[in-house]
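Each remark here refers to the structure printed beneath this line.
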RNA sequence: CGCGGGGUAGAGAAAUGGUCAUCUCGGGAGCCUCAUAAGCUCCAGGAGCUGGUUCGAUUCCAGCCCCCGCAACCA
């Protein structure tokens, strides 16, 4: 089976819906720059879809239950609810800082919006006979007050408390994950669920080949009090069961059938490589069990290091996005993440590299390109429909096609590269045609056309910048009267 | 022999069984002056190692070395 796209050139104009989700970050700590990558990517894809005239629902949120959260809350001496309120507020602000155009923000502690969907999903699994009770035996450390795994042990002891853990068993409800092994495989193989990039697809398939075991889908309330109670038991839902349900609860599953049917299945779901398996396996199995359609695409992104190192509090290299935004601005930070880091791989962040991208690509590249054109045409009048030479027209066409192609595979860094190639072409074209000498109106018209196209193409990536340039290209009564512009990216 | 991914100029990326292995940043030289001391052109520098297949391999195959992720009930 070759899943290469052989789709007919169909027009996607009109009111096609587009449902896109990000993973919901776990609310045990404030957001840092590592969280930025995924939401920025999702935002670009969402904005591009809107540009294409699709009706977009862009969902994000926070995952707020579970053991870790309640522990963190206890440590800071506040109630869990107060704690997650604070964190989730920070994530909302964080998204504002980055200019994320999300349509809804789901919180798993939202009893009105999220819980009905989580309940319904769980009970659908039960109805299907995929939930059963089983004794779970594990190693329990009294010091940690939780189950720990074999590999956490050092010399048979809990490394934190230097105690031999006790064997404790508890009754949990298990999900019959094993039942879905071959179904998941064929859904992925057939391309019904498209997994991008391709390597990730191989990764799940290999994982499936190792065989799936059923998974405990509840926790004893005694040990993990902070979660969604499972009716008629002393258990709460396993955080993943609870958390994954957000993708459907937010759009009305369990409370608004019409809305749910309008948006589901997701057109694309973005997740980090660390939680890919939960999505590529658990999530698909859950949907199958509940008799729901599968997401069309899963896109897996990588991780960010800082100065080549893993970000960590102990190293003290945790970067807060506000720092970067206040120094360089929102669009430049977005640009950095989208351009410097391959969309489907890992990447590094450093202020030095950000400065380089800012000065070289944005100030000297895009910014200067806009300036030299707008300065030249300041005060001139053009018809809204510009006449464009064949050479330039074809160059624009080529750039558009490349951008489209890369968007289809979510290779946003390559899409940006294509746009900047157009800018490069434009700069060369100016030098070659010397419009400042000959004032050739045809060439000048070409330049304006290129700039307009650049503005259009960068809009999903850098919406503010796009808007600024556009305001220097006002059209009134079919006449385009460009104006000078202040430097978009003053050199730093 | 656990599973998966990867090793391309100083840095980051891309393509490819065969005339120049491409792009961006950085380094060097020249040109231009509309523009944000911006722009353009040219130059230097590269395929982890070892074998194999082939008329020919960076590209295909095998082995080795090195790096990264995963190895599930912790989200």
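Numbering (the working numbering), first residue to last: 730 to 1221.
The C-beta atom is built at its ideal place from N, Cα and C for all residues, glycine as well.
Integer-rounded CB distance, given that residue j should sit under 8 Å from residue i
i            : j            : result
residue 820  : residue 791  : 5 Å
residue 966  : residue 956  : 6 Å
residue 1224 : residue 788  : Examination of residue 1224 is not possible in this model, given that the chain is present from 730 through 1221 alone.
residue 1193 : residue 846  : With 8 Å as the limit, residue 1193 and residue 846 do not qualify as a contact, their Cβ atoms being about 35 Å apart.
residue 1117 : residue 1151 : Their Cβ separation, rounded to whole angstroms, is 13 Å, which puts residue 1117 and residue 1151 out of contact at 8 Å.
residue 1026 : residue 923  : 5 Å
residue 748  : residue 938  : About 31 Å separates the two Cβ atoms, so there is no contact after all.
residue 979  : residue 833  : 6 Å
residue 1214 : residue 1179 : At roughly 15 Å, the Cβ-Cβ gap does not stay under 8 Å, so residue 1214 and residue 1179 are not in contact.
residue 1221 : residue 1088 : 7 Å
Bridge-paired residues (DSSP) for residue i
i            : result
residue 755  : 792
residue 1205 : 1208
residue 949  : 964
residue 923  : 1026
residue 1000 : 1029
residue 899  : 865
residue 1076 : 1033
residue 860  : 904
residue 944  : 904
residue 1112 : 1208
residue 1223 : Any property of residue 1223 remains undetermined from this structure, which presents the chain solely from 730 to 1221.
Span separating the alpha-carbon of residue i from that of residue j
i            : j            : result
residue 770  : residue 1145 : 12 Å
residue 1143 : residue 746  : 25 Å
residue 742  : residue 947  : Low confidence applies to residue 742: its pLDDT is 44, below 50, so where it sits in the model is not reliable, and the reading given next is rough at best. Taking the straight line joining both Cα atoms gives about 45 Å.
residue 1176 : residue 1013 : 49 Å
residue 800  : residue 971  : 18 Å
residue 795  : residue 757  : 9 Å
residue 1209 : residue 1106 : 11 Å
residue 836  : residue 815  : 12 Å
residue 1034 : residue 798  : 24 Å
residue 1019 : residue 1078 : 41 Å
residue 1068 : residue 1082 : 11 Å
residue 1022 : residue 925  : 19 Å
residue 740  : residue 783  : Note that residue 740 scores a pLDDT of 45, beneath 50, so its modelled location is shaky and nothing firm can be said.
residue 1066 : residue 1095 : 17 Å
residue 1071 : residue 1138 : 12 Å
residue 810  : residue 1212 : 52 Å
residue 731  : residue 1010 : Per-residue confidence for residue 731 stands at a pLDDT of 39, beneath the threshold of 50, marking its modelled position as unreliable; no derived number is given.
residue 950  : residue 901  : 10 Å
residue 1189 : residue 776  : 5 Å
residue 734  : residue 1185 : With a pLDDT of only 40 at residue 734, under 50, the local geometry of the prediction cannot be trusted, and no value is derived from it.
residue 1000 : residue 752  : 5 Å
residue 1166 : residue 1057 : 36 Å
residue 1148 : residue 987  : 40 Å
residue 1172 : residue 1053 : 39 Å
residue 977  : residue 1036 : 38 Å
residue 974  : residue 1097 : 47 Å
residue 990  : residue 1174 : 48 Å
residue 1205 : residue 919  : 51 Å
residue 921  : residue 1024 : 8 Å
residue 896  : residue 944  : 19 Å
residue 1226 : residue 842  : Nothing about residue 1226 can be read from this structure; the chain reaches only from 730 to 1221.
residue 774  : residue 1136 : 8 Å
residue 1195 : residue 992  : 29 Å
residue 1157 : residue 744  : 40 Å
residue 1110 : residue 755  : 54 Å
Contact under 8 Å by Cβ, residue i with residue j
i            : j            : result
residue 914  : residue 1029 : no
residue 860  : residue 904  : yes
residue 850  : residue 1015 : yes
residue 712  : residue 853  : Coverage of the chain is limited to positions 730 through 1221, which leaves residue 712 absent and any answer about it impossible.
residue 1191 : residue 1101 : no
residue 1031 : residue 1074 : yes
residue 1201 : residue 1091 : no
residue 898  : residue 866  : yes
residue 848  : residue 961  : no
residue 1217 : residue 1099 : yes
residue 761  : residue 1049 : yes
Range covered by the alpha helix (DSSP H) that runs through residue i
i            : result
residue 846  : 844–856
residue 1184 : 1170–1187
residue 833  : Where residue 833 is concerned, there is no enclosing alpha helix (DSSP H), although the beta strand (DSSP E) it sits in stretches over 833–836.
residue 820  : 809–826
residue 1125 : 1119–1137
residue 1150 : 1141–1162
residue 750  : No alpha helix (DSSP H) holds residue 750; the beta strand (DSSP E) holding it covers 746–750.
residue 1054 : 1050–1057
residue 1091 : Counting along the chain, residue 1091 falls outside any alpha helix (DSSP H), and DSSP gives it neither H nor E.
residue 989  : 986–992
residue 1007 : Residue 1007 -> no alpha helix (DSSP H), and no H or E assigned at all.
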